[in-house]
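See below for the structure under consideration.
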Amino acid sequence: MAVVAAGVGFRAYRQHLAAETLAIRSPRGVQEGAFVDIGGIKQWIQIRGEDRDNPVLLFVHGGPGGSTLPISSGWRPWEEHFTVVQWDQRGTGRTYGAAGDTLAPTMTLERMTQDGVELTEYLRTHLHKDRIVLVGHSWGSFLGIHMAKQRPDLFYAYVGTGQVVGRTTFEKAFELTIARLQTQAASANNNEALAELAPVAARPTMTQENRMIADKWSRALALPPADAFQLAGPVPPLFMPDFSLRDWYNWRKGAAFSAKYLTGRDGPMFQHDMASMGFEFSIPMFFIEGDADGVTPGGPAEQYFNQIMAPHKEFAWVRGGDHFVPFDRPADFLAELLARVRPFARN
């Protein structure tokens with residue numbers, strides 16, 4: 435018991451230090467977190483930034499069910515240039531904790547797209563903005579691009595990273611990724627990697643387990659190796675302030691719950707192909723992709739991007755970046771946002 439108590443006390447101390455490190459102290463700043471009424475349920479959002487006059491950036495997380503709240507300390511420099519909004523989507527994190535499995539019948543692309551639209555309308559009113567910048571990662575890029583297509587009037591620009599483009603390219607790209615990883619593992623004489631990749635190569639379907647194996651070895655075999663959960667931020671996930679052990683439980687439980695309804699062959703990412711949306715968008719479109727992404731390889735995203743017709747569009751590679759570029763390469767991602775996207779976000 436003494437060891438447990440000491441561990442709890444140490445974590446509380448580290449969380450206190452983290453709160454001091456991450457605090458917004460500017461008189462023009464904003465630092466708040468709350469449940470808001472979105473889509474008929476309470477959904478959790480966090481809003482942070484040094485200056486309310488800065489553009490608002492809504493980050494639509496991946497997973498699905500992958501709340502970014504405990505893994506975003508590396509975004510602190512972003513908050514000098516944007517008011518950053520994180521959103522625990524339906525079925526995710528604190529939003530899942532508030533409603534639980536009762537959300538099951540509502541876990542659809544259509545409902546969650548509408549959630550995103552309603553949230554954006556709330557943010558415009560709450561933060562007194564005409565439009566916001568929309569960033570979608572992985573599953574969030576699939577959801578986010580539907581939001582951008584449905585209500586372009588709400589957004590200055592759309593930014594996709596780890597961009598999902600549809601079932602046919604998704605499956606083929608995954609098969610090619612596994613083959614590439616096997617070649618890299620053989621060249622490195624990495625028997626552990628070869629052993630884990632062999633059953634995936636034999637049946638390269640996009641299950642959650644196979645995706646995790648692919649991402650693990652994409653990071654481990656990259657040069658230099660990347661570790662998404664080592665993160666380029668000042669605070670390890672376990673010590674993020676105001677993130678309780680119950681929050682950790684709901685984070686993991688929500689991820690499994692969301693995956694059950696949104697991934698796999700019956701999920702929307704495989705039932706909807708991006709080409710069916712058409713290629714015309716009425717806002718600036720940006721893709722920022724890691725060239726070592728083993729989960730959503732950038733090649734298919736670039737092919738899709740080349741067909742997009744928009745008032746302005748730009749594609750950027752982050753060299754050596756994996757599937758988690760916003761998290762393990764936050765400075766590089768911010769540099770791309772500032773150089774390419776922020777000039778379009780003028781009130």
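Start counting the sequence shown at 435; every next residue gets the next number (our numbering).
Ideal Cβ placement from N, Cα and C applies to all residues, glycine included.
1) Starting from the Cα of P718, find the closest Cα among W685, P731, F704, R774 and give me that residue.
2) Please go through the segment 458-520 and give each complete beta strand (DSSP E) segment of 3 or more residues, from N-terminal end onward.
3) Compute the Euclidean distance between the alpha carbons of R445 and D681, then round it to the nearest angstrom.
4) For the beta strand (DSSP E) containing G594, list its first residue and its last residue.
5) For G785, which residues in the same chain have their Cβ closer than 6 Å to its Cβ, ignoring the five residues on either side in sequence?
6) Excluding five sequence neighbours on each side, which residues of the same chain lie with their C-beta closer than 6 Å to the C-beta of I722?
7) May I have the straight-line CA-CA distance separating K687 from T697, to the nearest angstrom?
8) Taking 8 Å as the limit between beta carbons, can you name the residues of its chain near L561, skipping five residues before and five after?
9) Are Q477 and R524 touching if we call contact CB-CB under 8 Å?
10) Flag this pair as yes or no: are the beta carbons of H571 and S652 separated by less than 8 Å?
11) In the DSSP assignment, find the unbroken alpha helix (DSSP H) run with A570 in it and report its ends.
12) Determine the burial state of H580: buried for a count of at least 16 other Cβ atoms within 10 Å of its Cβ, exposed for fewer.
13) Relative to the C-alpha of P586, which residue among T559, E609, T554, W573 is closest?
14) State the beta-bridge partners of G724 as determined by DSSP.
15) Which one of T730, E714, P668 has the shortest CA to CA distance from N740?
16) By the three-class DSSP mapping on this structure, what secondary structure does M703 have?
17) Tell me the DSSP secondary structure of M708 in three-state form.
18) Would a C-beta distance cut-off of 8 Å place P668 and S506 closer than the cut-off?
19) Give me the DSSP bridge partner(s) of K747.
20) What residue range does the alpha helix (DSSP H) around Q737 cover?
21) Report the option in I472, G483, L503, G499 whose CA atom is closest to the CA atom of F677.
22) Identify every run of the alpha helix (DSSP H) within the segment 620-655, keeping only runs that are complete inside it and at least 4 residues long; order them along the chain.
23) Please state whether the Cβ-Cβ distance between Y590 and A779 is less than 8 Å.
24) Return the CA-CA distance between V442 and L679, expressed in angstroms with no decimal places.
25) Quick check on the burial criterion: 16 or more other C-beta atoms within 10 angstroms. Buried or exposed for E544?
26) Work out the CA separation of W512 and F576 for me, nearest whole Å.
In short, the structure shows the following:
1) Counted from its first residue, the sequence shown places residue 718 at position 284. Closest in C-alpha terms to P718, from the list W685, P731, F704, R774, comes R774.
2) List check, beta strand (DSSP E) in window: 464-472, 475-483, 490-494.
3) Position 11 of the sequence shown, counted from the first residue, corresponds to residue 445. Position 247 of the sequence shown, counted from the first residue, corresponds to residue 681. Using only the alpha carbons, I get a separation of about 14 Å.
4) Position 160 of the sequence shown, counted from the first residue, corresponds to residue 594. Start and end: 589-595.
5) Coverage of the chain is limited to positions 435 through 781, which leaves residue 785 absent and any answer about it impossible.
6) Here residue 722 is taken as the residue at index 288 of the sequence shown, counted from 1. Contacts found: T595, A750, E770.
7) Taking the sequence shown and counting its residues from 1, one reaches residue 687 at position 253. Taking the sequence shown and counting its residues from 1, one reaches residue 697 at position 263. CA-to-CA, the gap between K687 and T697 works out to about 15 Å.
8) For the purposes of this step, residue 561 is taken as the residue at position 127 of the sequence shown. V464, I481, R486, V490, T517, listed in sequence order.
9) Taking the sequence shown and counting its residues from 1, one reaches residue 477 at position 43. Taking the sequence shown and counting its residues from 1, one reaches residue 524 at position 90. When the beta-carbon positions are compared, Q477 and R524 come within less than 8 Å of each other.
10) As a working note, residue 571 is residue 137 in the sequence shown. As a working note, residue 652 is residue 218 in the sequence shown. Cβ distance not < 8 Å, so H571 and S652 don't count as in contact.
11) The sequence position of residue 570 within the sequence shown is 136, counting from 1. In the sequence on display, residue 570 carries Gly and not Ala. Here G570 belongs to no alpha helix (DSSP H); instead the beta strand (DSSP E) covers 566-571.
12) By one-based count along the sequence shown, residue 580 stands at place 146. By the Cβ-count criterion, H580 is buried, with 16 or more other Cβ atoms from all chains shown falling within 10 Å of its own Cβ.
13) For this step, residue 586 is matched to residue 152 along the sequence shown. Ranking the options by Cα distance to P586, first place goes to T554.
14) Numbered from its first residue, the sequence shown carries residue 724 at position 290. The beta-bridge partner set that DSSP reports for G724 consists of V752.
15) Your numbering for residue 740 matches position 306 in the sequence shown. In this structure, E714 is the residue among T730, E714, P668 with its C-alpha nearest to the C-alpha of N740.
16) Counting from 1 along the sequence shown, the entry for residue 703 is found at position 269. M703: helix per DSSP, three-state reduction.
17) Position 274 of the sequence shown, counted from the start, is the residue given in the question as residue 708. Assigned with DSSP and collapsed to three states, M708 falls in helix.
18) Translated into positions along the sequence shown, residue 668 becomes position 234. Translated into positions along the sequence shown, residue 506 becomes position 72. Their beta carbons are not under 8 Å apart, which means P668 does not touch S506 by this criterion.
19) Here residue 747 corresponds to residue number 313 of the sequence shown, with the count starting at 1. In the DSSP output, where bridge partners are listed per residue, K747 has M719.
20) For this step, residue 737 is matched to residue 303 along the sequence shown. For Q737, the enclosing alpha helix (DSSP H) starts and ends at 732-741.
21) By 1-based counting over the sequence shown, the position of residue 677 is 243. The shortest Cα separation from F677 among I472, G483, L503, G499 belongs to L503.
22) 625-636, 642-654, all fully within the segment 620-655.
23) Counted from its first residue, the sequence shown places residue 590 at position 156. Counted from its first residue, the sequence shown places residue 779 at position 345. Yes.
24) Indexing the sequence shown from 1 puts residue 442 at position 8. Indexing the sequence shown from 1 puts residue 679 at position 245. One Cα belongs to V442, the other to L679, and the distance between them is close to 10 Å.
25) One-based indexing of the sequence shown puts residue 544 at position 110. Answer is exposed; the Cβ neighbour count stays below 16.
26) To locate residue 576, count along the sequence shown from 1; it is residue 142. To locate residue 512, count along the sequence shown from 1; it is residue 78. Computed Cα separation, rounded: 23 Å.
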